[in-house]
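K.L.:
Residue numbers (the working numbering), protein chains in the order written: chain L, 1412 to 1838; chain C, 5 to 271. Glycine included, every Cβ here is placed at the ideal spot set by N, Cα and C. Remember, it's a predicted structure, so these values are computed and weren't measured experimentally.
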């Protein structure tokens, strides 16, 4: 590595005599989290606020793995206005960015956060913004979204939700299944379906309001769509045999699914408006776990047609099939990033199931996790993290890993097993 | 900016000293270990798992640099490179180590430079900034005066470079380039949007002694976060190891182009 540097530098020097100017190449860096300080937001009213907004913002940014919020106790000052900011206070702590703000009550029982982001080393403000909400947690997530976008160039996903299934053992051969919707930080969790029979494969519609899942509540598996706001449930299929793995098309008008009504599991596409079914695959091997490409033109699915489970892509209009994965003898449960570039999957190596990502542009393949029995990868709408279920301490828990495998966040559950997470689209 | 009274300089230096001392006592390592979502009553809570940080060394190396940000940087440029340099040139040029009195006769400001620089490494930046400023100015003026004659020289220099002086000097230059690379790399924290193929080139201007005078973007990567990370890396470093010899400094290190082109990203 350095040899290469020095060769380049040598050449550069030959010219340097004439130009008297060196070019230094920097190709390595740190992948540490960026130090940031979220100063407690000012609040001039006498009553105490029910939520600590800046603590929520710090937790959001910390959980992203991209930022390392400064501990409040270490702050040398706590400015709430730009005029009170002394950059040296933050420079000395090597804090790269500073966020200050104030909370103001506005009519209708709402709150407004006016906040500013400063670049400590360039000594200048880089963003001023306001967020208004009745709910202080939602307001804090809104602030986090703006900070994340400003500092990383990537839209924040702190205001999104997750869907997951819990299973609690109530006694011998007696379980309780619950389908939850929660904020992405685990707060505001709400049960939208409860059943003694299994609930499988929950997934979001692109509108961020409806969800589809498989439920055994009528003794045989059926696909349902439910409105998370009204709770209204609609049965979509109830064919003999397998009814599974629903997946909404990007426009929300169609639902891909697996049915075995014609003999063995095949992928079908249903037009939701009229219930019309179209069979996509026709192969004696198992085809399952369909998911749409972001352009809605293709379906990715898992198939054993090559002798082992691998991920394939079939163009819907032409029917042309292409195998996408070649690493190892087990790759399943495909999930694509919204830009279509990265394919997340469950990959088995040495009998252990991990989350892996293939870069479909450059062809690289990376195993991201070190945990076991990882399943159900679901990608954040901003493609920053992959949410998945895994085993920890003998129980099913949720975890999230960044696309580069650098950051891993565990979301431990209070009780029972948690499985089959699904990350909502932007809301 | 630095033309204020000595009082302000004194206050600055006291503040910085206090800051540095307080850093030792209240090390901000704590921030790393913080597990924010502690006692959430909710069903699901978040815990960051400290995962194999790909560069584990840098992460652990990170805390130390903040603690001794100012001291360590001066170190490299300190006596180590300085002393050897003068020794080598000694025979060739009339730059006797530190018989400062001798120099003053031909060039008065030059001797002054070395004197302020000695305190520099030992004490934090602000003092240097304020105390040395006039000296730096003078020295810069001198160097400016000198530079025209140098520009005449450089043309023969490359030719000569191939002969005698070049090898030693180029080795030395390479050594400093390596040190500068390390200094910047250590401070470069890439944003998550960084991708292989992004390139930003900065132009940095240094003061004699290696202090950063000015930095700006020569060629943007097109990604604001990526550009900012490069600027921050240079600004956080603040001071760079450079040759003590003003001639060498002026020839190669006064203005540098720094090209940030990550080759160790996953994507």
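Candidates L:1707, L:1804, L:1504, L:1654: which alpha carbon is nearest residue 1725 of chain L's?
P.N.:
Residue numbering aside, residue 1725 of chain L sits at position 314 when the first chain is read from its first letter. Ranking the options by Cα distance to residue 1725 of chain L, first place goes to L:1707.
K.L.:
Quick check: what's the CA-CA separation for residue 1652 of chain L versus residue 1677 of chain L?
P.N.:
Along the first chain, read from residue 1 onward, the residue named residue 1652 of chain L stands at position 241. Along the first chain, read from residue 1 onward, the residue named residue 1677 of chain L stands at position 266. For residue 1652 of chain L and residue 1677 of chain L, the distance between alpha carbons rounds to 11 angstroms.
K.L.:
Given a limit of 8 angstroms on CB to CB distance, which residues of the segment 1538–1571 of chain L reach chain C?
P.N.:
So the list reads 1562, 1563, 1564, 1565, given in the order they occur along the chain.
K.L.:
Using the rule of at least 16 other Cβ atoms within 10 Å of the residue's Cβ for burial, across every protein chain shown, is residue 185 of chain C buried or exposed?
P.N.:
Residue 185 of chain C sits at position 181 when you count from the first residue of the second chain. Classification of residue 185 of chain C: buried, given that the 10 Å Cβ count is 16 or more.
K.L.:
If I'm right that residue 262 of chain C touches residue 214 of chain C with Cβ under 8 angstroms, what's the distance once you round it to whole angstroms?
P.N.:
The residue given as residue 262 of chain C occupies position 258 in the second chain. The residue given as residue 214 of chain C occupies position 210 in the second chain. At roughly 14 angstroms, the Cβ-Cβ gap does not stay under 8 angstroms, so residue 262 of chain C and residue 214 of chain C are not in contact.
K.L.:
Which residues in chain L sit within 9 angstroms of residue 1 of chain C, going by Cβ to Cβ distance?
P.N.:
One cannot answer for residue 1 of chain C here, as it falls past the ends of chain C, which runs 5 to 271.
K.L.:
On the criterion of 16 or more Cβ atoms from any shown chain inside 10 Å, does residue 1522 of chain L qualify as buried, or is it exposed?
P.N.:
Taking the first residue of the first chain as 1, we reach residue 1522 of chain L at position 111. Classification for residue 1522 of chain L: buried.
K.L.:
Identify each residue in the segment 209–233 of chain C for which the Cβ-Cβ distance to at least one residue of chain L is less than 9 angstroms, and report them in chain order.
P.N.:
Listed by position along the chain: 227, 228, 229, 230, 232, 233.
K.L.:
Can you tell me whether residue 1745 of chain L is helix, strand or coil according to DSSP?
P.N.:
Counting from 1 along the first chain, the entry for residue 1745 of chain L is found at position 334. Of the three classes helix, strand and coil, the one that applies to residue 1745 of chain L here is strand, per DSSP.
K.L.:
Which residue from L:1723, L:1739, L:1742, L:1741 puts its Cα closest to that of residue 1733 of chain L?
P.N.:
Locating residue 1733 of chain L in the first chain gives position 322, counting from the first residue. Nearest of L:1723, L:1739, L:1742, L:1741 to residue 1733 of chain L, Cα basis: L:1723.
K.L.:
Shortest alpha-carbon distance to residue 1717 of chain L belongs to which of L:1702, L:1711, L:1697, L:1660?
P.N.:
Here residue 1717 of chain L refers to the residue found at position 306 of the first chain. With distances taken between Cα atoms, residue 1717 of chain L lies closest to L:1697.
K.L.:
Would you say residue 1742 of chain L reaches chain C, if we count a Cβ-Cβ gap shorter than 9 angstroms as a contact?
P.N.:
Residue numbering aside, residue 1742 of chain L sits at position 331 when the first chain is read from its first letter. Taking Cβ atoms only, chain C never reaches closer than 9 angstroms to residue 1742 of chain L, which makes this a no.
K.L.:
Hey, how far is the Cα of residue 1787 of chain L from the Cα of residue 1727 of chain L?
P.N.:
If you number the first chain from 1, residue 1787 of chain L lands on position 376. If you number the first chain from 1, residue 1727 of chain L lands on position 316. When rounded, the distance between both Cα atoms is 24 angstroms.
K.L.:
How about the segment 1581–1601 of chain L and the segment 1528–1540 of chain L: do they share at least three Cβ pairs that are nearer than 8 angstroms?
P.N.:
Cβ pair count under 8 angstroms is below three, so no.
K.L.:
Determine the direct distance from the alpha carbon of residue 268 of chain C to that of residue 260 of chain C, and round the result to whole angstroms.
P.N.:
Indexing the second chain from 1 puts residue 260 of chain C at position 256. Indexing the second chain from 1 puts residue 268 of chain C at position 264. When rounded, the distance between both Cα atoms is 23 angstroms.
K.L.:
Have a look at residue 35 of chain C and residue 1473 of chain L and give me their C-alpha separation to the nearest angstrom.
P.N.:
The count along the second chain starts at 1 and reaches residue 35 of chain C at position 31. The count along the first chain starts at 1 and reaches residue 1473 of chain L at position 62. Low confidence applies to residue 35 of chain C: its pLDDT is 41, below 50, so where it sits in the model is not reliable, and the reading given next is rough at best. Cα to Cα, residue 35 of chain C sits roughly 10 angstroms from residue 1473 of chain L.
K.L.:
Assign residue 230 of chain C to one of three DSSP states: helix, strand, or coil.
P.N.:
By one-based count along the second chain, residue 230 of chain C stands at place 226. The answer is helix: DSSP assigns residue 230 of chain C an H, G or I state.
K.L.:
Report the partner residues of residue 1776 of chain L according to the DSSP bridge assignment.
P.N.:
On the first chain, residue 1776 of chain L is found 365 positions in, with the first residue counted as 1. L:1769, per the DSSP bridge assignment.
K.L.:
For residue 240 of chain C, go through chain L and note every residue whose CB falls closer than 8 angstroms to its CB, in chain order.
P.N.:
Residue mapping note: residue 240 of chain C aligns to position 236 of the second chain, counting from 1. What residue 240 of chain C touches in chain L: 1505, 1507, 1532.
K.L.:
Per DSSP, residue 1624 of chain L forms a beta bridge with which residues?
P.N.:
Position 213 of the first chain, counting from 1, holds the residue named residue 1624 of chain L. According to DSSP, residue 1624 of chain L bridges with L:1635.
K.L.:
Would you tell me roughly how many angstroms separate the C-alpha atoms of residue 1667 of chain L and residue 1660 of chain L, rounded to the nearest one?
P.N.:
As a working mapping, residue 1667 of chain L is identified with position 256 in the first chain. As a working mapping, residue 1660 of chain L is identified with position 249 in the first chain. Cα-Cα distance, rounded: 7 angstroms.
K.L.:
Does DSSP put residue 271 of chain C in a helix, a strand or coil?
P.N.:
Counted from its first residue, the second chain places residue 271 of chain C at position 267. Reduced to three states, the DSSP call for residue 271 of chain C is coil.
K.L.:
Put residue 1498 of chain L into one of helix, strand or coil per three-state DSSP.
P.N.:
As a position in the first chain, residue 1498 of chain L is number 87, starting the count at 1. Here residue 1498 of chain L sits in helix by DSSP.
K.L.:
In three-state terms, what does DSSP make of residue 170 of chain C?
P.N.:
Counted from its first residue, the second chain places residue 170 of chain C at position 166. DSSP places residue 170 of chain C in helix when its eight states are reduced to three.
K.L.:
Give the secondary structure of residue 1648 of chain L by DSSP, where H, G and I count as helix, E and B as strand, and everything else as coil.
P.N.:
Against the first chain, residue 1648 of chain L aligns to sequence position 237. Three-state DSSP puts residue 1648 of chain L in a strand.
K.L.:
Does residue 1576 of chain L come within less than 9 angstroms of chain C when only Cβ atoms are used?
P.N.:
Counting from one through the first chain, the residue named residue 1576 of chain L turns up at place 165. Cβ-Cβ to chain C under 9 angstroms: no for residue 1576 of chain L.
K.L.:
Below 8 angstroms on the Cβ atoms is my contact criterion, and I expect residue 193 of chain C with residue 208 of chain C to pass it. Report the Cβ-Cβ distance as a whole number of Å.
P.N.:
Looking up residue 193 of chain C in the second chain gives position 189. Looking up residue 208 of chain C in the second chain gives position 204. No, residue 193 of chain C and residue 208 of chain C are not in contact; Cβ-Cβ is about 18 angstroms, not under 8 angstroms.
K.L.:
Where does residue 207 of chain C fall in DSSP's three states?
P.N.:
Residue numbering aside, residue 207 of chain C sits at position 203 when the second chain is read from its first letter. Note: residue 207 of chain C maps to strand in three-state DSSP.
K.L.:
Nearest to residue 1686 of chain L by CA position, among L:1665, L:1500, L:1557, L:1556, is which residue?
P.N.:
Counting from 1 along the first chain, the entry for residue 1686 of chain L is found at position 275. Of the listed residues, the one whose Cα sits closest to residue 1686 of chain L is L:1665.
K.L.:
With 9 angstroms as the threshold, decide whether the Cβ of residue 1443 of chain L is near any Cβ in chain C.
P.N.:
The count along the first chain starts at 1 and reaches residue 1443 of chain L at position 32. So yes, residue 1443 of chain L belongs to the interface.
K.L.:
In chain order, what residues of the same chain have a beta carbon less than 8 angstroms from the beta carbon of residue 270 of chain C, not counting five sequence neighbours either side?
P.N.:
In the second chain, residue 270 of chain C corresponds to position 266, counting from 1. Taken in chain order, the list of residues that qualify is empty.
K.L.:
I want to see whether chain L comes within less than 9 angstroms of residue 188 of chain C, judged by CB atoms only; does it?
P.N.:
Along the second chain, one-based indexing puts residue 188 of chain C at 184. Output row for residue 188 of chain C: interface = yes.
K.L.:
Going by other Cβ atoms of all chains shown within 10 Å of its Cβ, with 16 needed for buried, is residue 1742 of chain L buried or exposed?
P.N.:
Position 331 of the first chain, counted from the first residue, corresponds to residue 1742 of chain L. Buried, since its Cβ has 16 or more Cβ neighbours within 10 Å.
K.L.:
Do you know how far the Cα of residue 1435 of chain L is from the Cα of residue 181 of chain C?
P.N.:
Working through the second chain from its first residue, we reach residue 181 of chain C at position 177. Working through the first chain from its first residue, we reach residue 1435 of chain L at position 24. Looking at the two C-alpha atoms, the distance is approximately 7 angstroms.
K.L.:
Residues of the segment 241–268 of chain C in Cβ contact with chain L at a cutoff of 9 angstroms, in chain order, please.
P.N.:
Hits within the stretch, in order: 242, 254, 255, 256, 257, 258, 259, 260, 261, 262, 263, 264, 265, 266, 267, 268.
K.L.:
Are the beta-carbon atoms of residue 1632 of chain L and residue 1575 of chain L separated by less than 9 angstroms?
P.N.:
Numbered from 1 along the first chain, position 221 holds the residue referred to as residue 1632 of chain L. Numbered from 1 along the first chain, position 164 holds the residue referred to as residue 1575 of chain L. Result no, Cβ atoms of residue 1632 of chain L and residue 1575 of chain L do not sit closer than 9 angstroms.
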